[in-house]
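Residue numbers (my numbering): 13 to 149.
So, in structure tokens, the structure goes:
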């Protein structure tokens, strides 16, 4: 998987978070977990992470364990799952499994209405879907 700059700059991402001013994220890489935290003025924090598992099997195990560790998760179904194993949790957490890697978008620390018009749950899903849509090996 290619990871580009941790700056949220795509037209889709900007549209999702508008009118929030986009900021450069603080990134870390520990134990094959890439995490980037964006501090959005007046809106709180948005955290994106990708667990870069060594193979598909260990990726599936990590994804399943992550889901079990969160309370009140439910699978995304139909078109919104994008044909991938995925789930959502209360308060704005969405995860997708693709190519043995787990993408998690945690919007639970954003204000309840981002930019005055979007819920945390909507932001988490929209950002995750945007990332998955442009994900390449």
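Positions of the beta carbon are idealized from the N, C-alpha and C atoms, including for glycine.
Query, Result
"Identity of the residues DSSP links to residue 57 by a beta bridge", "51, 121"
"Straight-line gap, residue 78 to residue 107 (C-alpha atoms, nearest Å)", "9 Å"
"Residue from 130, 91, 37 with nearest C-alpha to residue 145", "91"
"Unbroken alpha helix (DSSP H) run spanning residue 81, endpoints", "68–81"
"Per-residue DSSP class, three states only, for residue 40", "strand"
"Residue 65 (DSSP reduced to helix, strand or coil)", "coil"
"Cβ pair residue 88, residue 98 closer than 8 Å", "yes"
"Bridge-paired residues (DSSP) for residue 109", "114"
"DSSP state of residue 91 mapped onto helix, strand, coil", "helix"
"Spatial distance of residue 74 from residue 39 (CA atoms)", "21 Å"
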